[in-house]
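Q: Dropping a structure here in structure tokens format, bear with me for questions.
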Amino acid sequence: MNPVKRAYRGLEAWFNLSFGPEWNPLYNLGTLAFFFFWVVLVSGLYLFIFFDTSIAGAYASVEYMTHEQWYLGGVMRSLHRYASDAAVITILLHMLREFALDRYRGFRWFSWFTGVPTLWFVITLGITGYWLVWDELGLYVALLSSRLMDALPIVSGSMTRDFLEGQLTDRFFTLMGFLHLLGQPVLLVFAIWIHVKRLSHVRISAPRGLAIGSLAALLVLSFALPAESHAPANLARVAPVLKLDWFYLNVYPLLDHWTAGKTWTLTLGVTFLLMLMPWLPPKKTGPAAEVHLEACNGCGQCADDCPFDAISVRPRTDGARWSHEVVVQPNLCASCGICVGSCPSSNPFRQRGKPLVTGIDMPNYSADDMRTRTEQALKRARQGAPRIIAFGCDNAYDASRLEPRGCAAVNVFCAGMLPATLVEYALKKGADGVFITGCRTGDCFFRYGNVWLDKRFEGNRKPRLRAGADRKRIRIYRGAETDGARIDAAFDDFRVYLGTLGTDHADDGTRAVEATHEGA
Ligand code: HEM
Ligand code: SF4
Ligand code: SF4
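Numbering (my numbering), first residue to last: -7 to 512.
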């Protein structure tokens, strides 16, 4: 396994121990970024009430908030600053995570490609924020930003001169205020909307405990290290020392050594390189899911479960008695197979002795293939006592590694691809137990596979595990590729437990038939 992924998995496991999967910040980086934006928005609205958007009054109004009404204004200002920093840290970690776990290529190219400019929208929003304080740092930002703008062919090339000659009008400063308070936030919201457009069930609310903990941490920081201004902006004086916020103002120090043109080249070069990463090298996505209308009743469950919004429901076109049907948009399909697990027709008890045709299926690994492989596994497991079928997922721990411990394995693309009825089928066909493993709780390579699996098996989402399945004989145990030792131990534990239950449970006579065959 690649060392970046292994290291990341180690870090994630450590956070799981400290926070538990639900509150693990590494599973909540997107929602945390949203939470920090909320803090920035609320504190920003407060600051806006007292902020004077004129060059003459801006600095004094910020000083007034910071010192004269310290407990509210000062804390709000500090919260605004630190939540903004926390948002950038969170976004960078979010980016690192997608990269480390190889979740940026193939069908995910769109989220990555649109994420990179989104990061710049956040950074430029912070830059105008520092400008507005109109202290020595604000002046530094204004002057260097003007140098950068002057280097662009679309700008007339006189912003820096206008500044130095004191021709920067209140109107321009007000424009900055408008950009920071309205223009850029609206652009950012639009960019984030595009960024998550190809995903469904996007989580934007951080778990309550994590949100409260993060707010408490920001408050502690705000009290311990209140945000303060530099001296007021003064064109006649070069500021001796500036405390830079490296999360936002990281490009500016380059201008001490480089021309604006060279700085633009580096910045745009790195940005384009990052945007091109999904193709360096590209990753192939499997074939898209296919709808078989003859087995589809238009219930829409697959469309609701698809994590990548690749399925839509439309009026029936084949004259069947159902009102709706589904259609897959192949360019959006991640080939995860989750829809196969969603479809009530993926029921292996149907069409016995004939190929199983389900409503929506994967061309390269069909519901019928899953049934056949499960039947073959049942035959392989015949010698074992107890007879266990282990279902694993291609993106987590390879279930075939459990075979030497006493089971026959069947791997699927994603745990969410596994129809609950197939587990029932395996038990009725003579398995003493079914062990299911897939990505760690809180983390699924295909976003929702293990979540839907849990809900279906708990009876909270269709198609539910039916009452006829002996739940005692089913164990779901989660883990990543790196959790082999834990998964092995959980499997051994399950095997011992099954031994205590005995083997007299299969109710369709299959066990008896096979036992006879075995003896012959
Ligand atoms: C304003 C900044 C950002 C916010 C608020 C944000 C938020 C989110 C959210 C909420 C998701 C969906 C997660 C889920 O529900 O599974 C997501 C997905 C994703 N983001 Fe971001 N993101 C931001 C920036 C970035 C950046 C800078 C990158 C990388 C360049 C990036 C890469 C991705 C990728 C690859 C996914 C797809 C994950 C998947 O398919 O499972 N994001 N982002
Ligand atoms: S295979 Fe996955 S991404 Fe494709 S349609 Fe089915 S659930 Fe959606
Ligand atoms: S889950 Fe199956 S039956 Fe329901 S709409 Fe999708 S393909 Fe059709």
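Positions of the beta carbon are idealized from the N, C-alpha and C atoms, including for glycine.
Which residue wins for smallest C-alpha separation from M57, given the options F43, A48 and A143?
A: Walking along the sequence shown from the start, residue 57 turns up at place 65. If we check each option's Cα against that of M57, F43 comes out closest.
Q: Reducing DSSP to helix, strand and coil, say where V178 ends up.
A: Your numbering for residue 178 matches position 186 in the sequence shown. Helix, per DSSP.
Q: Buried or exposed: where does E450 fall if 16 or more other Cβ atoms within 10 Å of its Cβ makes it buried?
A: Mapped onto the sequence shown, residue 450 falls at position 458. Exposed, since its Cβ has fewer than 16 Cβ neighbours within 10 Å.
Q: Here's the rule: buried if 16 or more other CB atoms are within 10 angstroms of the residue's CB, otherwise exposed. What is Y244?
A: Here the question's residue 244 lines up with position 252 in the sequence shown. Buried: at least 16 other Cβ atoms inside 10 Å.
Q: Among L457, R463 and H72, which has the Cα closest to the Cα of G333?
A: Your numbering for residue 333 matches position 341 in the sequence shown. Checking every option, the nearest Cα to that of G333 belongs to L457.
Q: Is it the case that the Cβ atoms of C331 and C294 are separated by a distance below 7 Å?
A: Translated into the one-based positions of the sequence shown, residue 331 becomes position 339. Translated into the one-based positions of the sequence shown, residue 294 becomes position 302. Yes, the Cβ-Cβ distance between C331 and C294 is below 7 Å.
Q: List the endpoints of the continuous alpha helix (DSSP H) containing Y51.
A: Walking along the sequence shown from the start, residue 51 turns up at place 59. Residues I47 to E55.
Q: Strictly by DSSP, which residues pair up with C385?
A: The residue you call residue 385 lines up with position 393 of the sequence shown. In the DSSP output, where bridge partners are listed per residue, C385 has V404.
Q: Does the Cβ-Cβ distance between S337 and A287 come in under 7 Å?
A: As a working mapping, residue 337 is identified with position 345 in the sequence shown. As a working mapping, residue 287 is identified with position 295 in the sequence shown. Yes, Cβ-Cβ distance for S337 and A287 is below 7 Å.
Q: Return yes when the Cβ of R139 is within less than 7 Å of the Cβ of A252, no when it is not.
A: Within the sequence shown, numbered from 1, the residue matching residue 252 stands at position 260. Within the sequence shown, numbered from 1, the residue matching residue 139 stands at position 147. Going by C-beta atoms, A252 is nearer than 7 Å to R139.
Q: Indicate whether A5 and T110 have their beta-carbon atoms separated by less than 7 Å.
A: Within the sequence shown, numbered from 1, the residue matching residue 5 stands at position 13. Within the sequence shown, numbered from 1, the residue matching residue 110 stands at position 118. No, the pair does not count as a contact, with Cβ atoms beyond the cut-off.
Q: Using 8 Å for Cβ pairs, my map puts L490 next to G425. What's the rounded Cβ distance?
A: In the sequence shown, residue 490 corresponds to position 498, counting from 1. In the sequence shown, residue 425 corresponds to position 433, counting from 1. Right, their Cβ atoms sit about 4 Å apart.
Q: Distance check for G205 and S137, CA to CA, integer angstroms please.
A: Locating residue 137 in the sequence shown gives position 145, where the first residue counts as 1. Locating residue 205 in the sequence shown gives position 213, where the first residue counts as 1. If I take the Cα positions, the gap works out to 36 Å.
Q: Just to confirm the assignment, what range does the alpha helix (DSSP H) spanning R363 have?
A: Taking the first residue of the sequence shown as position 1, residue 363 is located at position 371. Note, R363: alpha helix (DSSP H), A359 to R372.
Q: Counting C-beta neighbours from all protein chains within 10 Å, is the total for Y469 16 or more, i.e. buried, or is it exposed?
A: For the purposes of this step, residue 469 is taken as residue 477 along the sequence shown, with counting starting at 1. The residue in question, Y469, is buried, as its Cβ has 16 or more Cβ neighbours within 10 Å.
Q: Have a look at V114 and K421 and give me their C-alpha separation to the nearest angstrom.
A: Counting from one through the sequence shown, the residue named residue 114 turns up at place 122. Counting from one through the sequence shown, the residue named residue 421 turns up at place 429. For V114 and K421, the distance between alpha carbons rounds to 56 Å.
Q: Any contact between the stretch 268 to 285 and the stretch 351 to 358? By contact I mean 3 or more CB pairs, one from each, below 8 Å.
A: These segments touch.
Q: Going by DSSP in three states, G36 sits in which element: helix, strand or coil?
A: Locating residue 36 in the sequence shown gives position 44, counting from the first residue. Reduced to three states, the DSSP call for G36 is helix.
Q: May I ask you to report which of helix, strand or coil DSSP gives I146?
A: As a position in the sequence shown, residue 146 is number 154, starting the count at 1. The answer is coil: DSSP assigns I146 none of H, G, I, E or B.
Q: Please list the segments of the beta strand (DSSP E) lying wholly inside the stretch 284 to 356, counting only runs of 3 or more residues, in order along the chain.
A: Taking only runs of at least 3 residues, the beta strand (DSSP E) segments lying wholly in the stretch 284 to 356 are 303 to 307 and 316 to 320.
Q: Taking Cβ to Cβ, would you say A382 is nearer than 7 Å to A401?
A: Residue 382 sits at position 390 when you count from the first residue of the sequence shown. Residue 401 sits at position 409 when you count from the first residue of the sequence shown. Yes, the pair counts as a contact, with Cβ atoms nearer than the cut-off.
Q: Is the beta carbon of A92 less than 7 Å from the beta carbon of F28?
A: By 1-based counting over the sequence shown, the position of residue 92 is 100. By 1-based counting over the sequence shown, the position of residue 28 is 36. In this structure, F28 does not lie closer than 7 Å to A92 by Cβ.
Q: Based on Cα-Cα distance, which residue from V443, G471, G460 and K447 lies nearest to D390?
A: Position 398 of the sequence shown, counted from the start, is the residue given in the question as residue 390. Nearest of V443, G471, G460 and K447 to D390, Cα basis: G471.
Q: Using 6 Å as the cut-off, classify the Cβ of C288 as near or not near the heavy atoms of ligand 3, replying yes or no.
A: On the sequence shown, residue 288 is found 296 positions in, with the first residue counted as 1. Yes.
Q: Give me the Cα-Cα distance between G290 and R313, rounded to the nearest whole angstrom.
A: Against the sequence shown, residue 290 aligns to sequence position 298. Against the sequence shown, residue 313 aligns to sequence position 321. Their Cα atoms are separated by approximately 10 Å.
Q: Between which two residues does the beta strand (DSSP E) holding G430 run?
A: For the purposes of this step, residue 430 is taken as the residue at position 438 of the sequence shown. Unbroken beta strand (DSSP E) run through G430: G425 to G430.
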